[in-house]
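Report on the following structure.
Protein chains: 2
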Amino acid sequence: MKLASYHNNTRDGQLMMVSRDLGRICDASDIAPTLQQALDDWDNVEPKLQQRYDALNDGTVLSQIFEPERCHSPLPRAYQWADGSAYVNHVELVRRARGAEMPESFWTDPLMYQGGSDDFIAPRADIVLPSEEHGIDFEAEVAVVTGDVPMGVTEEKAAGNIRLLMLVNDVSLRGLIPQELAKGFGFFQSKPASSFSPVAVTPDELGDCWQDNKLHLPLLTTYNGKLFGRPNAGKDMTFNFAQLIAHAAKTRHLKAGAIIGSGTVSNKQGTDFGSAIADGGAGYSCIAEVRMIETIRDGRPSTEFMKFGDTVRIEMLDASGRSIFGAIEQKVRRFEAEAP
Amino acid sequence: MKLASYHNNTRDGQLMMVSRDLGRICDASDIAPTLQQALDDWDNVEPKLQQRYDALNDGTVLSQIFEPERCHSPLPRAYQWADGSAYVNHVELVRRARGAEMPESFWTDPLMYQGGSDDFIAPRADIVLPSEEHGIDFEAEVAVVTGDVPMGVTEEKAAGNIRLLMLVNDVSLRGLIPQELAKGFGFFQSKPASSFSPVAVTPDELGDCWQDNKLHLPLLTTYNGKLFGRPNAGKDMTFNFAQLIAHAAKTRHLKAGAIIGSGTVSNKQGTDFGSAIADGGAGYSCIAEVRMIETIRDGRPSTEFMKFGDTVRIEMLDASGRSIFGAIEQKVRRFEAEAP
C-alpha cells in the first residue's frame, strides 16, 4: 500500500491512498482520519485500507490525479523520531576528516540520536532557516515507521513491527554540530526539522528490493538540478532496520508511529575516498561527506554548504524507473522572524 | 486551571478537570477529548475550560472524588520532550566528581537534550526496566507545556507561550550514560520513559510562586518513604523556562504540547558539598548527586542506585501545605520480556 497525508487545515492532515504508479489518489479518511490513527489501530484498519488500495489500482473507486505538492510529510508530526547512523562508512569518514580514530565498537553498537518530531516539513515546502552561517546541509536517508514494539524486542520480532517505509531529508546545521556535541548532550539546535517523502509505502510494495530488512535500491539525490548521489541503500548498511529498532527498544517500548531512520546513506565504493558522480561513482547523500573527502584528499574542503535559494531533490526509483515514494523537493529559504 | 488525563482504554486518555484542592474531578472531554486536542486549539478551548473549572470549584457541576491512580501522565504521549539542565550547580558537581572542569559557557548557553516522548509512564505506574545493573535513578524536575512557539522566539514572547506546568520524574540509567555520551550522539538508551505528575496546572494557579518564569517552591522527593530532597525550584535556576524555550526554538518551531523540562532541581546550599536532609539541608533530587558529593568528599560513592522494589515520590506543596500537582509515586520493577 501507498499512503499519504494531504493538507486539510488540520495539524495531522487527511489520510489518503496513492496508487502503485503514483498516478491517482483517493480519500481514505473514512477508514482512519489520519495516518497516526491508522497506525494506532493497524490490525483493524489494515484490511480495510488494503481493500481500498486494490480498488484504487483497479480503477473502481473515485480518485483524482495525485498532487505531491498537496502532501504533508506522511506523519506531519510524530511521537518518536530516532535516527540511526547505519552506514558506518559515513561515520568513519567524519572521524578521519578530523584526524580521529573511530572506535571499533561502532561496527557492533549502532549510533542513534533522538530527533525532534513535533513539526516535520512537508516534502515540497521550503526549508526555512535563520542563517547560512549555520552550515545548512541535507542528508538523504531511508526510514521505517513501526507499530507497537515491546522493550527488549529481538531482531527477528522487530522485523515484523515494520509497517511503512519513507525517504527522509534529515536537515543538518553542520556549523552548530561541533560546539553542540562538545557539550555532551547530543544534537539539538544542529538538527532542525526533517522532511519525509510524499508517500509512505508498506514493505510488500518493494518486492525483492526489501531483503534482510534493508532497501536494496539506489537513493537519488539531486542538488541544484545536478545528480549528486545514487548510493545503494542496501549496500554498506552495517545495521539493518530490525537491528536499529531492537537498539532503540533496549530500555523502552516504542509506540505505533515511531519513525526510525537509517542515517545518511553512504557507499564505500572500493576506494578510501569514495567517488563523485562526475567521476563515475555513486556520489553522496550529503554535502558534509564530499567535504570530508576533500579534506582527507586536499587538506581542506572546497564544496560549500547550502545557500538560500539552493534546491535538493531526494527520490528512489524502482527497477522500471518509476518513483516509489514520490520526490522530496525543497528549496532553502531565509526565515524572517516576527517583529518582536 | 488543573487538568488531568484519565485512563479510558485509549492511547491519549480522557481530558478531565481537577478542582484546585485536588479533591474533585469532572469530565472535560466534551470540550476537548484529549489534552493534546485542547492544546492544539487552546485559544478556543481555554475559555470553555475556564468556565467548567469555575463551576467545578463552586460545586455546581457533576463531579467525582479525584483518584490519581486513574491518571495517565497529563500528555500520555507527546510530540516534543526536550529537557534542559538549568540548575548548573548540578552539572558542575557531575564534572567535579570526575575531576573535569565545567566550561564557562555552561553558565550562559543552556544544556538541553532531546528526549523520547511516545510512551510516558503514568504517575502511579511502576517504572519497569530490564536491569538493576543499568544504575536506575530518578530525577525530580519541573516542566512546562507550550503552545505554538515560532522559531527565533524572544525570551519575552516565550514567556507568553507557557500553557501548563507539571512535575517530572526523568528516569535515568546512570550506568549506560558514560558509554552512550562517549559515542557523541547524546542520551538514548540511558534515558528511558519519563513520568509526569497526575495534574498539569496553568501558571495563574501558582500565584506569587510563579515569578521570572521560575517556580519558587520546594520540590519534595521521598525515596523509600524517607524525605530525600526539598530544594527550591526557583533557586539556583540559571536559565528560566522562557530562556529554555527560546534556546529550544532557535532553529525550529515548537508545536503546541511541546514539553520543556528544567533538568534535575538542585540547590547550591552555600557549601561546596550541598547538604543532606539528615544534616538539615535541602537534600537532593536524584541519587547521582549524592554519589557525586560522596565522591568529592570521600573519594568514592557509597549510596547505591535504585533496586527493584524501591519507591520514589515527587510532589510540590503550596504555602498552605496542599499538593499542587498531585504526587508522582512509583516503584521500580523488573521488566519481563515476552518469550521470543
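Chains as they are written, first to last, in the UniProt record's numbering: chain A, 1 to 340; chain B, 1 to 340. For every residue, glycine included, the Cβ atom is placed at its ideal position computed from N, Cα and C.
Check                                                                                                                     : Outcome
Residue 300/B in three-state terms, based on DSSP                                                                         : coil
CB of residue 307/B within 7 Å of CB of residue 79/B, strictly                                                            : no
Segment limits, beta strand (DSSP E) that includes residue 328/B                                                          : 328 to 334
Below-7 Å beta-carbon distance, residue 130/A vs any chain B residue                                                      : yes
Contacting positions in the region 61 to 92 of chain B - beta carbon closer than 8 Å to chain A                           : 77, 78, 79, 80, 82 and 85
Residues bridged to residue 37/A (per DSSP)                                                                               : Looking at the DSSP assignment, residue 37/A forms no beta bridge with any residue, so it has no partner.
Residue closest to residue 107/A, alpha-carbon to alpha-carbon, out of 198/A, 237/A, 183/A and 318/A                      : 237/A
Span of the alpha helix (DSSP H) around residue 157/B                                                                     : 155 to 159
Below-7 Å beta-carbon distance, residue 217/A vs any chain B residue                                                      : no
Sequence-distant residues of its chain with Cβ nearer than 7 Å to residue 240/B (five each side left out)                 : 212, 213 and 214
Chain B contact residues for residue 118/A, given Cβ-Cβ distances below 9 Å                                               : 78, 79, 80, 117, 252, 253, 254, 255, 256, 257 and 258
Nonlocal neighbours in the same chain, by C-beta distance under 8 Å from residue 52/B, ignoring five residues either side : 17, 26, 28, 31 and 61
Pairwise C-alpha distance: residue 248/A and residue 153/A                                                                : 9 Å
Interface partners of residue 123/B on chain A, CB under 9 Å                                                              : Ordered by position in chain A, no residue passes the 9 Å Cβ test against residue 123/B, which lies about 17 Å from the chain.
Against chain A: residues of the region 219 to 236 of chain B by CB proximity under 9 Å                                   : none
Sequence-distant residues of its chain with Cβ nearer than 6 Å to residue 161/B (five each side left out)                 : 146, 147 and 149
Counted within 10 angstroms of its Cβ, other Cβ atoms place residue 337/B as buried (16 or more) or exposed               : exposed
Chain B within 7 Å of residue 181/A, Cβ atoms only                                                                        : yes
Chain A contact for residue 3/B (CB, 7 Å cutoff)                                                                          : no
Nearest neighbour of residue 82/A, chosen from 276/B, 292/B and 116/B [CA to CA]                                          : 116/B
Contact with chain A by residue 192/B, beta-carbon distance below 7 Å                                                     : yes
Short Cβ contact (7 Å threshold) for residue 86/B with residue 320/B                                                      : no
Proximity test, Cβ basis, 7 Å: residue 322/A and chain B                                                                  : no
Bridge-paired residues (DSSP) for residue 313/A                                                                           : 222/A and 329/A
Where residue 114/B falls, given that 16 or more other Cβ within 10 Å makes a residue buried                              : buried
Residue 75/A, DSSP secondary structure in three states                                                                    : coil
Minimum C-alpha distance to residue 209/A - residue among 103/A, 234/A, 224/A and 185/A                                   : 234/A
Nearest-angstrom beta carbon gap, residue 33/A and residue 56/A [assumed within contact, 8 Å]                             : Not confirmed; about 18 Å, so no contact.
Those residues which DSSP pairs with residue 137/A across a bridge                                                        : 172/A
DSSP three-state assignment for residue 88/A, whether helix, strand or coil                                               : helix
C-beta neighbour in chain A for residue 11/B, strict 7 Å                                                                  : yes
Whole-Å CB distance - residue 246/A paired with residue 158/A, under 8 Å assumed                                          : 5 Å
Beta-bridge pairing of residue 3/B - partner residues as DSSP gives them                                                  : 17/B and 200/B
Endpoints, the beta strand (DSSP E) within which residue 25/A is located                                                  : 24 to 27
contact_flag[the region 271 to 285 of chain A, the region 175 to 189 of chain A] where n(CB pairs < 8 Å) is 3 or more     : no
C-beta contact flag for residue 221/A and residue 285/A at 7 Å                                                            : yes
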